[in-house]
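Take the sequence shown: its letters are residues 0 to 72, numbered as in numbering that gives the first Met the number 0. Report on the following structure.
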Amino acid sequence: MANNNIISKVFHFYYDGFNNSSLAKKLLIIIAIKLLIMFFVLKLLFFPNFLKSKFNNDNERSNYVIEQLTKTK
0 MANNNIISKV
10 FHFYYDGFNN
20 SSLAKKLLII
30 IAIKLLIMFF
40 VLKLLFFPNF
50 LKSKFNNDNE
60 RSNYVIEQLT
70 KTK
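Shown next as structure tokens:
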């Protein structure tokens, strides 16, 4: 019960801080834009869908993954 109270106090502390500060809102928007760039744009550019480009259907993809996971060295 006391743990929940501490979590609630911390949440309200940050919530009130972001609501009352215009600088915090601007920084939060900048952080959100950076995260969008990192997770969506970079994923599209540097991590193409390897399985879709190499195989035609889901059955071939699943067989390839199973072979790679169970392959002995």
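Ideal Cβ placement from N, Cα and C applies to all residues, glycine included. Note that the coordinates shown come from a computational prediction; the quantities given were computed from them, not determined experimentally.
Q: Could you name the residues of the same chain whose beta carbon sits closer than 7 Å to that of R60, not counting the 5 residues immediately before and after it, in chain order?
A: What you label residue 60 is simply residue 61 of the sequence shown in a count that begins at 1. Taken in chain order, the residues that qualify are L50, F54.
**Q.** Where T69 falls: helix, strand or coil (DSSP)
**A.** As a position in the sequence shown, residue 69 is number 70, starting the count at 1. Looking at T69 - three-state DSSP - the assignment turns out to be helix.
**Q.** Span of the alpha helix (DSSP H), counted from its first residue to its last, around F49
**A.** Taking the first residue of the sequence shown as 1, we reach residue 49 at position 50. From DSSP, the alpha helix (DSSP H) with F49 extends over 49-53.
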